[in-house]
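Participant: Below are the structure tokens for one structure; questions will follow.
Protein chains in written order, with my numbering: chain A, 1 to 328; chain B, 1001 to 1231.
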């Protein structure tokens, strides 16, 4: 077992132990914080597939986080109001079932990622960053100007959506749902990394032209990675909406995209559990330093500088004591 | 002589407004080893780049196994059966030797095991990152990677340039094996006239982006080499 695998297991284990302890001492706030870490980590795992493995520096992943949130919010609000979502030749009702919401979120996020990706992955570098940012901002302003679902005020979800066999209103059980989704996703990503697809994606980050010269269509490869990445981040958005029982246009904002990127960079780009470490560190700093000063983001900025300058593989590489390998 | 695989006819090519190829015509048949020769800057690498679709042609035609290569996407060129070993090796530095080979893998006779049989050094360094290999080993890896695409035509662009004599010898031995045992068509750009004389069947000499001489390599006499190659 490599040192990085040990670090990954410790990170995932720690994320589980904290809410178990919090439950034992009856501290639901700590459980909620852990759930936030799990959800943010999931969003980061999504971005990490595009950014870390594929070298696609997307500054518009909030579009997927937001669309996931709004998909959950819209389906839930229609279910609660008993008003069909689509009432025409076909009648589609809302839903409060998490599995149904997740599947819908994955489909909607995939469609949005396909649209954004089809236009953006043809470009590279700063152009790719600007196109993804532009799409994110388009979604942000679209959500603001859509009064049917709350517009600028956002959309409340009166009761958290249901998961078969579990009481999702219980913070610990909801944490377990988010944690399980995170672990399953990380496992699937680890399989993907070791597959021919993951290998080609890793290679295309190093040189797209060389990959083409061995007969691989890089556009299709990068687009697939971008779509998968958007789907995972969208799923995180759906869970985030359920956690807060509220969705707002801020989920689409470029600050959200930036935060997801910070989780990835802090933890380690292309590191399997990098986003878990990054999201954990972000939440810890937010609550430790946020209590001392409103300007805690200055310290986060300094930490980010230190990581970028001295530990480019992020926290996971530093803990694993390994040279940056997959980092591009 | 085997079936004709590659045919370039009166090809011109440009880098922006600057014309690099004026009139290139050449043919490579199955199982044949063809040398593409010429002084520096005469258009050898540019010719290779046009075959691979890395540079669009201005006029003329390129056919591979009867199929027109014009405006084909680059990845389709490799899928047709053209494997490129580019100048300067250009491996994937952050992938291991095995991963470099696997990423190029396409169905066919060439597998990781067969490549490591050809280059035992690669087998010994299977789990090493490509960036940690010596120049000669990286060159072997570049050839191995091209073979993993299971090509019918292998393009070798300056495959032995800048390598130690012992490594050059290993690479020439491997190229000979490829020709003799695998019946692979090979187009070689190289300055090693002595080795080329031993294994090449046919040669083309380029001068200022045009084919100025072609014939059996055995017909390449001192006067011709002095005039066109300066050696």
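Ideal placement from N, C-alpha and C gives every residue a C-beta, glycine not left out.
CA-CA distance, residue 201/A and residue 1043/B?
Facilitator: For the purposes of this step, residue 201/A is taken as residue 201 along the first chain, with counting starting at 1. For the purposes of this step, residue 1043/B is taken as residue 43 along the second chain, with counting starting at 1. Approximately 33 Å between the Cα atoms of the pair.
Participant: Are the beta-carbon atoms of residue 279/A and residue 40/A separated by less than 7 Å?
Facilitator: Numbered from 1 along the first chain, position 279 holds the residue referred to as residue 279/A. Numbered from 1 along the first chain, position 40 holds the residue referred to as residue 40/A. Yes, they are a contact pair.
Participant: When you compare each of 1129/B, 1156/B, 1141/B and 1146/B to residue 1079/B by their alpha carbons, which one comes out closest?
Facilitator: Residue mapping note: residue 1079/B aligns to position 79 of the second chain, counting from 1. Of the candidates 1129/B, 1156/B, 1141/B and 1146/B, the one whose C-alpha sits nearest the C-alpha of residue 1079/B is 1146/B.
Participant: Can you find a CB in chain A that lies within less than 7 Å of the CB of residue 1049/B?
Facilitator: Translated into positions along the second chain, residue 1049/B becomes position 49. Not closer than 7 Å to any Cβ of chain A, the Cβ of residue 1049/B fails to qualify, so no.
Participant: Quick one: Cα of residue 298/A to Cα of residue 310/A, how far?
Facilitator: Position 298 of the first chain holds residue 298/A. Position 310 of the first chain holds residue 310/A. Going from the Cα of residue 298/A to the Cα of residue 310/A covers about 18 Å.
Participant: Counting only runs of 4+ residues fully inside the region 159-207 of chain A, write out the alpha helix (DSSP H) ranges in chain order.
Facilitator: 171-194 and 196-206
Participant: Given residue 1004/B, which residues of its chain have a CB within under 7 Å of its CB, disregarding the five upstream and five downstream residues?
Facilitator: In the second chain, residue 1004/B corresponds to position 4, counting from 1. The residues are 1027 and 1029.
Participant: For residue 327/A, does the three-state DSSP call read helix, strand or coil?
Facilitator: Start at 1 with the first residue of the first chain, and residue 327/A comes out as number 327. Here the model assigns residue 327/A a pLDDT of 44, short of 50, so the residue's position is not dependable, and the following value carries that caveat. Three-state result, residue 327/A: coil.
Participant: Decide yes or no for the touch test of the region 91-100 of chain A against the region 251-264 of chain A: beta carbon pairs closer than 8 Å, at least 3 of them.
Facilitator: These segments do not touch.
Participant: Could you check whether residue 1048/B and residue 1157/B sit closer than 7 Å to each other, using their CB atoms as the reference points?
Facilitator: If you number the second chain from 1, residue 1157/B lands on position 157. If you number the second chain from 1, residue 1048/B lands on position 48. For residue 1157/B and residue 1048/B, yes; Cβs fall inside 7 Å.
Participant: Do you know how far the Cα of residue 49/A is from the Cα of residue 1076/B?
Facilitator: Here residue 1076/B refers to the residue found at position 76 of the second chain. Here residue 49/A refers to the residue found at position 49 of the first chain. Spanning the two alpha carbons is a distance of roughly 26 Å.
Participant: Taking beta-carbon pairs under 8 Å, can you tell me which members of the region 185-212 of chain A lie near chain B?
Facilitator: 196, 199, 200, 202, 203, 206, 207, 209, 210, 211 and 212
Participant: Between which two residues does the beta strand (DSSP E) holding residue 1027/B run?
Facilitator: By one-based count along the second chain, residue 1027/B stands at place 27. That run of the beta strand (DSSP E) goes 1018-1029.
Participant: Where residue 1071/B and residue 133/A are concerned, what is the direct C-alpha to C-alpha distance, given to the nearest angstrom?
Facilitator: In the second chain, residue 1071/B corresponds to position 71, counting from 1. In the first chain, residue 133/A corresponds to position 133, counting from 1. Residue 1071/B and residue 133/A have their C-alpha atoms roughly 33 Å apart.
Participant: Would residue 217/A pass as an interface residue toward chain B - the criterion being a Cβ-Cβ separation below 7 Å?
Facilitator: One-based indexing of the first chain puts residue 217/A at position 217. True, the Cβ-Cβ gap to chain B drops below 7 Å.
Participant: With 7 Å set as the bound, which would you pick, yes or no: does the beta-carbon of residue 316/A sit closer than that to a beta-carbon of chain B?
Facilitator: Position 316 of the first chain, counted from the first residue, corresponds to residue 316/A. Chain B has no Cβ within less than 7 Å of the Cβ of residue 316/A.
Participant: Quick check: the region 1095-1112 of chain B against the region 1171-1178 of chain B, are there 3 or more CB pairs under 8 Å?
Facilitator: no
Participant: Smallest Cα separation from residue 1084/B: which of 1120/B, 1186/B, 1202/B and 1209/B?
Facilitator: As a position in the second chain, residue 1084/B is number 84, starting the count at 1. That would be 1186/B, whose Cα lies nearest to the Cα of residue 1084/B.
Participant: Quick check: is the beta carbon of residue 1092/B nearer than 7 Å to any beta carbon in chain C?
Facilitator: The displayed structure is made up of protein chains A and B, and chain C is not among them.
Participant: Which of the three DSSP states, helix, strand or coil, is assigned to residue 1065/B?
Facilitator: Numbered from its first residue, the second chain carries residue 1065/B at position 65. Residue 1065/B falls in the coil class under three-state DSSP.
Participant: Determine the closest residue to residue 26/A out of 241/A, 54/A and 171/A, with distance taken between C-alpha atoms.
Facilitator: Sequence index remark: in the first chain, residue 26/A carries index 26 (1-based). Looking at the Cα atoms, 171/A is the closest of the given residues.
Participant: Please tell me whether residue 6/A and residue 316/A are closer than 7 Å, where the distance is taken between their beta carbons.
Facilitator: Numbered from 1 along the first chain, position 6 holds the residue referred to as residue 6/A. Numbered from 1 along the first chain, position 316 holds the residue referred to as residue 316/A. Not in contact: residue 6/A and residue 316/A (Cβ atoms no closer than 7 Å).
Participant: Return the chain-ordered list of same chain residues with a C-beta closer than 8 Å to the C-beta of residue 1153/B, the five sequence neighbours on each side being excluded.
Facilitator: Mapped onto the second chain, residue 1153/B falls at position 153. The residues are 1005, 1006, 1028, 1064, 1081, 1082, 1083, 1184, 1185, 1186 and 1187.
Participant: Taking 6 Å as the limit between beta carbons, can you name the residues of its chain near residue 1127/B, skipping five residues before and five after?
Facilitator: On the second chain, position 127 is the one that residue 1127/B refers to. Excluding positions up to five away in sequence, the list reads 1096.
Participant: With contact counted as at least three CB pairs below 8 Å, one residue from each stretch, are the region 1054-1063 of chain B and the region 1123-1140 of chain B in contact?
Facilitator: Contact fails between the region 1054-1063 of chain B and the region 1123-1140 of chain B, because fewer than three Cβ pairs, one in each stretch, are under 8 Å apart.
Participant: Report the option in 264/A, 56/A, 126/A and 302/A whose CA atom is closest to the CA atom of residue 117/A.
Facilitator: Here residue 117/A refers to the residue found at position 117 when the first chain is read from its first residue. For residue 117/A, the nearest C-alpha among the options comes from 56/A.
Participant: What residue does the alpha helix (DSSP H) around residue 136/A start on, and which one ends it?
Facilitator: For the purposes of this step, residue 136/A is taken as the residue at position 136 of the first chain. Counting along the chain, the alpha helix (DSSP H) containing residue 136/A begins and ends at 125-144.
Participant: For the beta strand (DSSP E) that residue 1226/B lies in, which residues bound it at each end?
Facilitator: In the second chain, the residue the question calls residue 1226/B occupies position 226. Segment: none, residue 1226/B is in no beta strand (DSSP E) and carries neither H nor E.
Participant: Beta-carbon within less than 6 Å of residue 34/A's beta-carbon, same chain only, minus the 5 sequence neighbours each way: which residues are those?
Facilitator: Within the first chain, numbered from 1, the residue matching residue 34/A stands at position 34. So the list reads 18, 19 and 175, once near-sequence residues are dropped.
Participant: State the beta-bridge partners of residue 1202/B as determined by DSSP.
Facilitator: For the purposes of this step, residue 1202/B is identified with residue 202 of the second chain, where counting begins at 1. Paired residues: 1034/B and 1216/B.
Participant: Residues of the region 103-135 of chain A in Cβ contact with chain B at a cutoff of 9 Å, in chain order, please.
Facilitator: none
Participant: For a quick check, are the C-beta atoms of residue 101/A and residue 167/A less than 7 Å apart?
Facilitator: For the purposes of this step, residue 101/A is taken as residue 101 along the first chain, with counting starting at 1. For the purposes of this step, residue 167/A is taken as residue 167 along the first chain, with counting starting at 1. Not closer than 7 Å, so no.
Participant: Where are the alpha helix (DSSP H) runs, 4 residues long or more, that stay fully inside the region 1121-1184 of chain B, in chain order?
Facilitator: For the region 1121-1184 of chain B, whole alpha helix (DSSP H) runs of length 4 or above, ordered along the chain, are 1135-1148 and 1165-1182.
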